[in-house]
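Encoded as structure tokens, the structure appears first; notes follow it.
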Amino acid sequence: MSDYNFAYLDEQTKRMIRRAILKGVAVPGYQVPFASREMPMPYGWGTGGVQVTAACLTPDDTLKVIDQGADDTTNAVSIRKFFERTAGVATSTHTAEATIIQTRHRIPEAALSDGQILVYQVPIPEPLRFLEPRETETRRMHALEDYGLMHVKLYEDIARNGAIATSYAYPVKVEGRYIMDPSPIPKFDNPKLSNTPALQLFGAGREQRIYAIPPFTQIVSLDFEDYPFEASKAPHACDLCADDTTYLDEVITDDHGGRMFVCSDTDHCETRRDAGYRGRLAPQEDAA
Amino acid sequence: MIAVQDVEKRFTLHTQGGAVLQVMAGASLSVAPGECVALIGASGAGKSTLMRMIWGNYRTDGGLIRVGDVHVSGAEPRAIIALRRATLGYVSQFLRVVPRVPTLEVVAEPLLALGIYEAEARERAAEILTRVNIPERLWSLSPTTFSGGEQQRVNIARGFVHHWPALLLDEPTASLDGSNRAVVLSLIAEAKARGAAILGIFHDESARAQVCDREVDVTSFAVAP
Amino acid sequence: MSATPLLTVDGIGKSYGARIGCADVSFDLWPGEVMGIVGESGSGKSTLLGCLAGHLTPDTGHVIFDTTADGPRDVLAMSEPERRMLARTDWAFVHQNPRDGLRMGVSAGGNVGERLMAVGARHYGQIRDQATEWLGRVEINADRIDDKPRQFSGGMQQRLQIARNLVTGPRLVFMDEPTGGLDVSVQARLLDLLRGLVRRMGLSAVIVTHDLAVVRLLADRLVVMKDGRIVEQGLTDQVLDDPQHPYTQLLVSSVLQV
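Those protein sequences? They're chains E, L and P, same order as listed.
Be aware that the first sequence starts at 1, since it is given in the working numbering, and climbs by one per residue.
Be aware that the second sequence starts at 289, since it is given in the working numbering, and climbs by one per residue.
Be aware that the third sequence starts at 514, since it is given in the working numbering, and climbs by one per residue.
Okay, structure coming up:
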């Protein structure tokens, strides 16, 4: 253990954040202001998510942290270490073992279950900001469900690109009421937001907002009748585990145009390979 | 159709120390359907003032003015707007239009305001423009660019394109040559034959003699200063 | 003639501290009528327009509007969502500066389509067709549909603002100096366009301006304001040609031929 209070934040701050979370759960999709604290990391590195995670953690929890689906990138590693040191909780890279998963820009491929909490790091919580920069006005628009503007964004997309080109942070409507930014997850993940048994919490540190999707909440991605929403992905199978249903990262392998597609969810990919699945470019010695 | 009874008019000139000019009192006349009455009197005797009061352009300070079943004196603006749209036509000496609007549109406008379909309105506008000898090549141009005589004929066309049951004519034949003058006089005669009540100012004595049934001298209504 | 005024304004007043914005303003506006409000700067005409359109809350009075959905309603007693719904269905507001009425970062088509989407249109193709049709009506080439307003001239921006406002077929349009800031020939074209639209759509309009030539050509009725109060009102040509109030006489006589 250390000289830090459990999970770094003092108890009063954690209570304040929990109140904001409870309010967010009570009003799904509504952005609750909270008094975001200075954290020992820069804005943009997940200060909002870290505070929400800190407020939710108990000593019995098992924490998993992913960045773009991966457990082993700098951001994920440093946040995992942060909580190992300040809270002393168990950590895991396996989705199924974790009780709290803090994520940046992905939802794990494995289905989440009852009792799990997924904490998203959010850079810009306001989905209407692209079109209406005044915070006073966007809050009023949410209050009055004055959402014509949101479709203007999608209209502009189609007019410019011939299709809805928004591929991440794709806006959704929560339980028929609030329009919400699901954080910069790929739109491939949008269907997984809906009707899941896990609790989903969103924290924006710099913008001082928390919002939530309670378990089994209906989430609908916005679209047009003649341009329906599509959860698209690269048209390939994973080159390591051969799964053709997952969200893929493109990896440049040399400077002669060589590239490979791999699951962005490293835990999912490893689990598949452990089970014997082999992709096109999987190392042969693994097969032994 | 047009009835004027004991009408008074005065102007209060607030910009000149509040001077009150009483210009008319006891003005009375009436025009029956199918009748054409000429207002006569020296320049400044109040012919135009009386016409403008019947048109609703000048306020009536005493007495009654009635056109059809509308009491123009004291009517609400919307009653006068409706009257001008359907019942009372006016050919003024001046053309006042939105710049750059084509002549054909200017003439068709009163019909469009009545809710007549655009195709029919344009057809009728074209007919009357042909009648008053405005060549077709000018129809797509704004009348603000026309000569005085041409502008006057556009005004006439606009004033006769709809068959208003009551008509006010302010010098309809001024600045017209012989043949166009004859066209206008026949338009007036046709309007009379349809039963229109017409009140006009004609300086052109022979025209007056040709179309007017009687004359009313406004000199007797004028108030000596 | 219709028996119910479209808009009844009854005793509207608004003060800014000790200074009067407007006071005791009452009138009826009937369907299809265009009313001009003239007066010099500071006469309260813009305050009045703001009170009528729901942008400002007056201290006294009522604004009764004959809504399509529920008949006459006091606009000031409506809830904010109801008033906003009115503002994007039965009402429209054309600002003097197109920048205040347009979304400068959104394409022309998106600007026109916004009101359609705000009232529930969800078919891209139909929204685009309607936007194209409206650009044509305000004489903007269809090939400019994906350009942003900042690439347009001042006159085009103003026409785009009008298209954006009229696309949902409102019944009452508020206009604040719609031809201000445009040069004279562009003004004429805009006036003609507005006259045509008003007539074809049977629109009523309240137009605030200090330009007597504009009201002469556009307005059926005229209200003259001074120091926050109506000093004279009536038929436009009667007020301009036979003004009764000293202030109106001064106003008319100070202008070159209108």
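Quick reminder that beta carbons are idealized off the backbone N, C-alpha and C, glycines included.
Computed from a predicted model, the values in this text were never measured in an experiment.
Label LEU629 of chain P either buried or exposed according to how many other C-beta atoms from any shown protein chain fall within 10 Å of its C-beta, with 16 as the threshold for buried. Numbered from 1 along the third sequence, position 116 holds the residue referred to as residue 629 of chain P. When all chains shown are included, LEU629 of chain P counts as buried.
Give the straight-line distance between the Cα atoms of MET16 of chain E and PRO214 of chain E, rounded to the nearest whole angstrom. Numbered from its first residue, the first sequence carries residue 16 of chain E at position 16. Numbered from its first residue, the first sequence carries residue 214 of chain E at position 214. Cα-Cα distance, rounded: 19 Å.
Is VAL771 of chain P helix, strand or coil when you go by DSSP? Residue 771 of chain P sits at position 258 when you count from the first residue of the third sequence. With a pLDDT of 49 at VAL771 of chain P, under the threshold of 50, the predicted position of this residue should be treated as unreliable, and no value is reported.
Is the stretch 651-661 of chain P close to the stretch 618-638 of chain P, with three or more CB pairs under 8 Å? yes
Thinking C-beta only, is ARG410 of chain L closer than 9 Å to ALA401 of chain L? Residue mapping note: residue 401 of chain L aligns to position 113 of the second sequence, counting from 1. Residue mapping note: residue 410 of chain L aligns to position 122 of the second sequence, counting from 1. No, they are not a contact pair.
Cβ distance (whole Å) where ILE106 of chain E is taken to contact SER264 of chain E below 8 Å: As a working note, residue 106 of chain E is residue 106 in the first sequence. As a working note, residue 264 of chain E is residue 264 in the first sequence. According to the sequence as given, residue 106 of chain E is Arg; it is not Ile. Correct: roughly 6 Å between the Cβ atoms.
Judging by CA-CA distance, which residue of L:ARG298, L:LEU301, L:ALA320, L:VAL325 is the nearest neighbour of VAL504 of chain L? One-based indexing of the second sequence puts residue 504 of chain L at position 216. It is L:VAL325 whose Cα lies nearest to the Cα of VAL504 of chain L.
Residues near ALA242 of chain E by beta carbon distance below 7 Å, same chain, minus five either side: For this step, residue 242 of chain E is matched to residue 242 along the first sequence. TYR277, ARG278, GLY279, listed in sequence order.
Along chain E, in chain order, which residues have C-beta atoms closer than 7 Å to that of ALA590 of chain P? Along the third sequence, read from residue 1 onward, the residue named residue 590 of chain P stands at position 77. Going along chain E, no residue has its Cβ under 7 Å from ALA590 of chain P, so there is no contact; the nearest lies around 17 Å.
Where does ASN195 of chain E land, buried or exposed, given buried means 16+ other C-beta within 10 angstroms? In the first sequence, residue 195 of chain E corresponds to position 195, counting from 1. With fewer than 16 other Cβ atoms within 10 Å, it is exposed.
9 Å Cβ cut-off: residues of chain L touching SER766 of chain P: Here the question's residue 766 of chain P lines up with position 253 in the third sequence. Those within 9 Å of SER766 of chain P in chain L are THR303.
Which whole-angstrom value describes the C-beta separation of VAL168 of chain E and PRO186 of chain E, a residue pair presumed to lie in contact below a C-beta threshold of 8 Å? As a first step, residue 168 of chain E is located in the first sequence; it is residue number 168 there, counting from the start. As a first step, residue 186 of chain E is located in the first sequence; it is residue number 186 there, counting from the start. According to the sequence as given, residue 168 of chain E is Tyr; it is not Val. With a Cβ gap of about 5 Å, TYR168 of chain E and PRO186 of chain E count as contacting.
Taking only beta-carbon positions, decide if PHE224 of chain E is within less than 9 Å of chain P. In the first sequence, residue 224 of chain E corresponds to position 224, counting from 1. So, interface residue.
Does any CB atom of chain P fall closer than 9 Å to the CB of ARG134 of chain E? Here residue 134 of chain E is taken as the residue at index 134 of the first sequence, counted from 1. It does not; no Cβ of chain P falls within 9 Å.
Of all the CB atoms in chain P, is at least one closer than 9 Å to the CB of TYR346 of chain L? Along the second sequence, one-based indexing puts residue 346 of chain L at 58. With 9 Å as the cut-off, TYR346 of chain L counts as an interface residue toward chain P.
Kindly indicate which residue of P:PRO691, P:THR521, P:PRO759 has the alpha-carbon position closest to the one of LYS739 of chain P. Translated into the one-based positions of the third sequence, residue 739 of chain P becomes position 226. Nearest C-alpha to LYS739 of chain P: P:PRO759.
In the DSSP output, what is LEU118 of chain E paired with across the bridge? For the purposes of this step, residue 118 of chain E is taken as the residue at position 118 of the first sequence. Answer is E:ILE101, E:GLN200, bridged to LEU118 of chain E.
In chain P, which residues lie less than 8 Å from VAL506 of chain L when you measure between Cβ atoms? Within the second sequence, numbered from 1, the residue matching residue 506 of chain L stands at position 218. Near VAL506 of chain L there are no residues of chain P at all, since even the closest Cβ is about 18 Å away, more than 8 Å.
In three-state terms, what does DSSP make of CYS241 of chain E? Along the first sequence, one-based indexing puts residue 241 of chain E at 241. Looking at CYS241 of chain E - three-state DSSP - the assignment turns out to be coil, as it is neither helix nor strand.
Excluding the 5 residues preceding and the 5 following THR93 of chain E in the sequence, name in chain order all residues of the same chain whose CB lies nearer than 7 Å to its CB. Taking the first sequence and counting its residues from 1, the one referred to as residue 93 of chain E is at position 93. If we look at THR93 of chain E and ignore the five residues flanking it on each side, its Cβ neighbours are LYS64, ASP71, ASP267.
Would ASP286 of chain E be called buried (16 or more neighbouring beta carbons within 10 Å of its own) or exposed? Reading the first sequence from its first residue, position 286 is the one you call residue 286 of chain E. Below a pLDDT of 50, predicted positions are generally treated as unreliable, and ASP286 of chain E, at 48, falls in that range; the measurement from the model is reported next regardless. Exposed, by the Cβ-count rule.
Cutoff 8 Å; reference LEU615 of chain P; Cβ partners in own chain excluding five residues on either side: Here residue 615 of chain P refers to the residue found at position 102 of the third sequence. Only ASN624, PRO662, GLN670, LEU673, GLN674, ARG677 meet the Cβ criterion.
Listed by chain order, chain E residues near GLY627 of chain P by CB distance under 7 Å: Taking the third sequence and counting its residues from 1, one reaches residue 627 of chain P at position 114. Sequence inspection shows Glu at residue 627 of chain P; the Gly mentioned does not correspond to that position. GLY148, LEU149, VAL152, listed in chain order.
Per DSSP, ASP579 of chain P forms a beta bridge with which residues? Your numbering for residue 579 of chain P matches position 66 in the third sequence. Paired residue(s): P:PRO585.
Give the range of the beta strand (DSSP E) segment to which TRP604 of chain P is assigned. Start at 1 with the first residue of the third sequence, and residue 604 of chain P comes out as number 91. Start and end: 604-607.
LEU519 of chain P classed as buried or exposed, judged by whether at least 16 other C-beta atoms fall within 10 angstroms: Sequence index remark: in the third sequence, residue 519 of chain P carries index 6 (1-based). Counting Cβ neighbours within 10 Å, LEU519 of chain P comes out buried, since at least 16 surround it.
What does the Cβ neighbour count give for LEU22 of chain E, buried or exposed, with the cut at 16 atoms within 10 Å? One-based indexing of the first sequence puts residue 22 of chain E at position 22. So LEU22 of chain E ends up on the exposed side.
Endpoints, the beta strand (DSSP E) within which TYR178 of chain E is located: Residue 178 of chain E sits at position 178 when you count from the first residue of the first sequence. It spans 178-180 - the beta strand (DSSP E) in which TYR178 of chain E sits, taken as one unbroken run.
Locate the alpha helix (DSSP H) running through ALA154 of chain E, then write down its first and last residues. Along the first sequence, read from residue 1 onward, the residue named residue 154 of chain E stands at position 154. Here the sequence assigns Leu to residue 154 of chain E, which means Ala is not the residue at that position. First-last of the alpha helix (DSSP H) with LEU154 of chain E: 148-161.
Which residues bound the beta strand (DSSP E) around ARG209 of chain E? Stepping through the first sequence from its first residue, residue 209 of chain E is reached at position 209. Per DSSP, ARG209 of chain E belongs to the beta strand (DSSP E) from 209-213.
Could you tell me if ASN654 of chain P is buried or exposed, where buried requires 16 or more neighbouring beta carbons within 10 angstroms of its beta carbon? Taking the third sequence and counting its residues from 1, one reaches residue 654 of chain P at position 141. Burial call: exposed.
According to DSSP, which residues form a beta bridge with ARG272 of chain E? To locate residue 272 of chain E, count along the first sequence from 1; it is residue 272. Answer is none; ARG272 of chain E lacks a bridge partner.
Where does ALA287 of chain E sit, in a helix, a strand or coil, going by DSSP? Along the first sequence, one-based indexing puts residue 287 of chain E at 287. Because the pLDDT of ALA287 of chain E is 46, which lies under 50, any placement of that residue in the model is unreliable, and the number read from its coordinates should be weighed accordingly. Here ALA287 of chain E sits in helix by DSSP.
Between GLU145 of chain E and chain P, is the shortest Cβ-Cβ distance under 9 Å, so that the two count as touching? Translated into the one-based positions of the first sequence, residue 145 of chain E becomes position 145. Chain P contact via Cβ: present.
When you compare the CB of ARG641 of chain P with every CB in chain E, is at least one pair closer than 9 Å? Position 128 of the third sequence, counted from the start, is the residue given in the question as residue 641 of chain P. Yes, ARG641 of chain P lies at the interface with chain E (some Cβ there is under 9 Å from its Cβ).
Cβ of PRO431 of chain L less than 9 Å from any chain P Cβ? Locating residue 431 of chain L in the second sequence gives position 143, where the first residue counts as 1. By this cut-off, PRO431 of chain L is not an interface position.
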